[in-house]
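Have a look at the structure below, then the notes.
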Amino acid sequence: MSGQTHSASRPDASTRIVQVRQNVLKHNDLMARALRAKFHDAGVYVVSLVSSPGAGKTAFLEKLLELLRRREARVAALVGDLATDNDAQRLAKSGAPVRQITTGTVCHLEAQMVEEALADWRLKELDFLLVENVGNLVCPASYDLGEDLRAVLLSVTEGEDKPLKYPGIFNTADVAIISKMDLAVAAGCDVRALRENIERVRPGMNVLEVSARKGIGMERFADLLAQRRSAARQHPLS
Amino acid sequence: MHELSIALALLEVAQEEAAAHGALRVAAIHLKVGPLSGVWPEALSGAFELAREGAGPAFADCRLAVEETGVTGRCGQCGATRSAVSIQDLRCSVCGVPLPEIVSGRELEITAMEIEP
Numbered sequence: 003m004s005g006q007t008h009s010a011s012r013p014d015a016s017t018r019i020v021q022v023r024q025n026v027l028k029h030n031d032l033m034a035r036a037l038r039a040k041f042h043d044a045g046v047y048v049v050s051l052v053s054s055p056g057a058g059k060t061a062f063l064e065k066l067l068e069l070l071r072r073r074e075a076r077v078a079a080l081v082g083d084l085a086t087d088n089d090a091q092r093l094a095k096s097g098a099p100v101r102q103i104t105t106g107t108v109c110h111l112e113a114q115m116v117e118e119a120l121a122d123w124r125l126k127e128l129d130f131l132l133v134e135n136v137g138n139l140v141c142p143a144s145y146d147l148g149e150d151l152r153a154v155l156l157s158v159t160e161g162e163d164k165p166l167k168y169p170g171i172f173n174t175a176d177v178a179i180i181s182k183m184d185l186a187v188a189a190g191c192d193v194r195a196l197r198e199n200i201e202r203v204r205p206g207m208n209v210l211e212v213s214a215r216k217g218i219g220m221e222r223f224a225d226l227l228a229q230r231r232s233a234a235r236q237h238p239l240s
Numbered sequence: 004m005h006e007l008s009i010a011l012a013l014l015e016v017a018q019e020e021a022a023a024h025g026a027l028r029v030a031a032i033h034l035k036v037g038p039l040s041g042v043w044p045e046a047l048s049g050a051f052e053l054a055r056e057g058a059g060p061a062f063a064d065c066r067l068a069v070e071e072t073g074v075t076g077r078c079g080q081c082g083a084t085r086s087a088v089s090i091q092d093l094r095c096s097v098c099g100v101p102l103p104e105i106v107s108g109r110e111l112e113i114t115a116m117e118i119e120p
């Protein structure tokens, strides 16, 4: 599997080889690193969410915003979509500050877009920032956004082999969330098989089962965020 | 569409490196692409040819040489870095134990360039 090279050839006499060893997405990485430091200094815990279109990211965040605000946490959200600000409007109903990032044709969020969207927000006045990525299980895998926690959401209607089809995204996420659990039986979803497939592409990954609509498993996720946030604040950024 | 933005980013980094080395011409860019990088090498090669047109004369006949890496991880049982069975099965190919920590497989890296100074 390794070592295949396309169009390999010896350099011609007039050229020499220089070692480079640079990440192609180094500009994004540098920006993400700067964001991460900025977030850490401001004490804001950043959570990003990736999934296929229609897996339930917005409904999940609607419920999460409600729960966090009920716990008197100060929370804001950014939403990425190719077009419309429908999702931002939905999330804004929570009363939290929400901004839409409209990417046009770009299929994923990048650190630069997050940086620009944050503009004049006073991060020190936030406990949590939630970032909803564009619905896409491929491209977001390559782009670090400076977040503390990346959650990959997949719903019970997407097939038990979904993780096997998109191993890349599972490898860049920290926690998997199985959504729409209230529909699991109706969808004929074998949740155990789904969990096994997540374990195969990402051994040891933490997996939560939720239904945003029915309020199942959501408090548990809010607890997890609160725990992770206080743990993060106790450790200096390495 | 996605591979085009990757190709553009690739050329941007290559341009910076070329400038740093005072290169007049870049004959080739050597790239390492891992199977978990989210990038498909063949699509990238096609996108590269398009993106190259806007990169200036130094890159006019620049070749992209892609090395596809495999997924490897640190095996707690073997005590060494081992290949995974496959990208859908992150277990040690030698002893079958799950590999919780990936060592290679996600890279999208310019390893070297062939330049004419």
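Chains as they are written, first to last, in my numbering: chain W, 3 to 240; chain P, 4 to 120. Every residue, glycine too, gets a C-beta built ideally from N, C-alpha and C. Quick caveat, the model's predicted, so the values are computed rather than measured.
By alpha-carbon distance to W:Asp31, the top candidate from W:Gln229, W:Phe172, W:Tyr145 is W:Tyr145. Taking 4 residues as the minimum length, the alpha helix (DSSP H) runs contained wholly in the region 144–193 of chain W are 164–167, 169–174, 186–189, in order along the chain.
Counting only residues of its own chain and dropping the five nearest sequence neighbours on each side, W:Leu69 has a CB closer than 8 Å to the CB of Met220, Glu221, Ala224.
With contact defined as three or more Cβ pairs closer than 8 Å, the region 72–85 of chain W and the region 124–141 of chain W are in contact. W:Arg124 does not reach chain P, its nearest Cβ partner there being about 31 Å away, counting only Cβ pairs nearer than 7 Å.
Among the residues of the region 99–132 of chain W, those with a Cβ less than 8 Å away from any Cβ of chain P are Thr107, Val108, Cys109, His110, in the order of the chain. Membership of P:His33 in any alpha helix (DSSP H) is not indicated; the residue belongs instead to the beta strand (DSSP E) covering 28–36. Relative to P:Ser89, the option among P:Pro38, P:Arg55, P:Ala50 whose CA is nearest is P:Pro38. Using a Cβ-Cβ cut-off of 8 Å, P:Gln91 counts as an interface residue toward chain W, since at least one Cβ of chain W sits closer than that to its own. Scanning P:Gly25, P:Ala17, P:Leu11, P:Arg28 for the CA closest to the CA of W:Gln24 turns up P:Ala17. About 5 Å separates the beta carbon of W:Asn208 from that of W:Val177, a gap short enough to meet the 8 Å contact definition. Listed along chain P, the residues sitting closer than 7 Å to W:Val22 by beta-carbon distance are Glu20, Ile113, Thr114, Ala115, Met116.
Assigned with DSSP and collapsed to three states, P:Val42 falls in coil, not helix or strand.
Distance from the CA of P:Phe51 to the CA of P:Ala83, rounded to the nearest whole angstrom, comes to 36 Å.
For W:Asp83, the three-state secondary structure derived from DSSP is strand. For P:Pro101, the secondary structure class from DSSP, reduced to helix, strand or coil, is strand. Assignment of P:Cys95 by DSSP, reduced to helix, strand and coil, places it in the strand class.
Taking a 10 Å sphere around the C-beta of W:Lys126, we find fewer than 16 other C-beta atoms and assign the residue as exposed.
For P:Leu39, at least one C-beta of chain W is nearer than 8 Å to its own C-beta. In the structure shown, the three-state DSSP call for W:Met207 is coil. 8 Å or more divides the Cβ of P:Ala68 from the Cβ of P:His24. By the neighbour-count criterion, in which 16 or more other beta carbons inside 10 Å mark a residue as buried, W:Lys164 falls on the buried side.
Burial state of P:Cys78 is buried, judged by a 10 Å Cβ sphere holding 16 or more other Cβ atoms. At a cut-off of 8 Å between C-beta atoms, P:Pro60 does not count as an interface residue with respect to chain W. Taking 8 Å as the CB threshold, P:Val106 stays off the interface with chain W.
For W:Leu80, no chain P residue has a Cβ inside 7 Å of its Cβ, as the nearest lies near 20 Å away. Within chain W, no C-beta atom comes nearer than 8 Å to that of P:Ala50; the closest sits roughly 12 Å away.
In the DSSP annotation of this structure, the continuous segment of the beta strand (DSSP E) that includes P:Ala87 starts and ends at 83–89. Counting the other Cβ atoms within 10 Å of the Cβ of W:Ala195 gives fewer than 16, which makes it exposed.
Judged by DSSP secondary structure, W:Val49 falls outside any alpha helix (DSSP H) and instead within the beta strand (DSSP E) spanning 47–53. When DSSP states are grouped into helix, strand and coil, P:Cys65 belongs to the coil group. W:His42 and W:Thr17 have their C-alpha atoms some 45 Å from each other. Counting other Cβ atoms within 10 Å of its Cβ, P:Leu111 reaches 16 or more and is therefore classed as buried. Beta bridge pairing from DSSP links W:Arg101 with W:Leu80.
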